[in-house]
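Residue numbers (this note's numbering), protein chains in the order written: chain G, 1 to 115; chain B, 1001 to 1115.
Glycine included, every Cβ here is placed at the ideal spot set by N, Cα and C.
In what follows, a single structure is set out as structure tokens and then discussed.
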Amino acid sequence: KAGVTQTPRYLIKTRGQQVTLSCSPISGHRSVSWYQQTPGQGLQFLFEYFSETQRNKGNFPGRFSGRQFSNSRSEMNVSTLELGDSALYLCASSLSAGLSENIQYFGAGTRLSVL
Amino acid sequence: GDSVTQMEGPVTLSEEAFLTINCTYTATGYPSLFWYVQYPGEGLQLLLKATKADDKGSNKGFEATYRKETTSFHLEKGSVQVSDSAVYFCALRMDSSGSARQLTFGSGTQLTVLP
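As structure tokens, this is what we get:
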């Protein structure tokens, strides 16, 4: 079956703009998590959604937000972009949010460049 | 808070050499431990996992044993191939009821295997 799909793969924006990234989880998966990957900070957790509810949030400013739809697809939004937001944004899906046997499957990511 | 410390890279080996990538963790409870691999231009792929002490995860010739006494989860492979060239991430996840489910990653180790 299809894996985690992230769109678009690449984005170029300018400072001050906003951006929306999309993630379609593996069919049947209800939990979606987002991570930011940068050379300096590595992989950092942004937030997790399950059944359209944000269950957990990492240490990022309020400019970073997300949501999940009834079909489990998720979007994340970054407003008032800064140069430091340039990163690879990875989405991961898993069956649910509460099982110890859960495995997170990652998409290929969206590469965001802020100019 | 929880953290993962990973061997600094980059690591360069000749084909058929033995590989060890060190990983130690700090956690207040009993985490599940993971190794993920990232090939150029791609997202993360789960390589192997262990959910309790003394478990050994293995996949594609790679192995790692969950050592609670040394809080370690070192990745090993007896004979690396050029196709193993990638970035390897060690990660932990706390699975206690009600706690956050996000993965906490190490900084990653770049492995290059020369023919």
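Can you list, in chain order, the residues of its chain with a C-beta nearer than 6 Å to that of residue i? Leave out the 5 residues immediately preceding and following it.
i, result
"Gln18(G)", "Ser79"
"Thr1005(B)", "Thr1024"
Any beta-carbon of chain B closer than 9 Å to the one on residue i?
i, result
"Ser58(G)", "According to the sequence displayed, residue 58(G) carries Gly and not Ser. Yes, contact with chain B."
"Asn71(G)", "no"
"Ala92(G)", "yes"
"Arg67(G)", "no"
"Gln6(G)", "yes"
"Arg55(G)", "yes"
"Ile12(G)", "no"
Using a C-beta to C-beta distance shorter than 9 Å, which residues of chain B count as neighbours of residue i?
i, result
"Ile103(G)", "Phe1034, Leu1046, Lys1049"
"Ser33(G)", "Arg1101, Gln1102, Leu1103"
Just to make sure I have the definition right: I need the residues of chain G whose C-beta is within less than 7 Å of the C-beta of residue i. Which are they?
i, result
"Ser1107(B)", "Gly42"
Note down, in chain order, each residue of its chain lying with its Cβ closer than 7 Å to the Cβ of residue i, except the 5 sequence neighbours on either side.
i, result
"Ser51(G)", "Arg30"
"Gln1081(B)", "Glu1015, Val1113"
"Thr1012(B)", "Thr1112, Leu1114"
"Ile12(G)", "Ser113, Leu115"
Name, please, each residue of chain G whose Cβ falls closer than 9 Å to the Cβ of residue i.
i, result
"Phe1089(B)", "Gly42, Leu43"
Check for me: the beta strand (DSSP E) holding residue i runs from which residue to which?
i, result
"Tyr89(G)", "87-94"
"Met984(B)", "The structure shown has nothing for residue 984(B), since chain B only spans 1001 to 1115."
"Phe50(G)", "42-50"
"Arg111(G)", "110-114"
"Thr1012(B)", "1011-1014"
"Asn59(G)", "Neither: Asn59(G) is in no beta strand (DSSP E) and is coded neither H nor E."
"Met76(G)", "74-78"
"Ser22(G)", "19-24"
"Gln37(G)", "31-38"
Going along chain B in order, which residues have a C-beta closer than 8 Å to the C-beta of residue i?
i, result
"Gly107(G)", "Gly1043"
The stretch 1017-1032 of chain B / the stretch 1044-1063 of chain B touching (three or more Cβ pairs under 8 Å): Because the criterion of three Cβ pairs below 8 Å is met, the stretch 1017-1032 of chain B and the stretch 1044-1063 of chain B touch.
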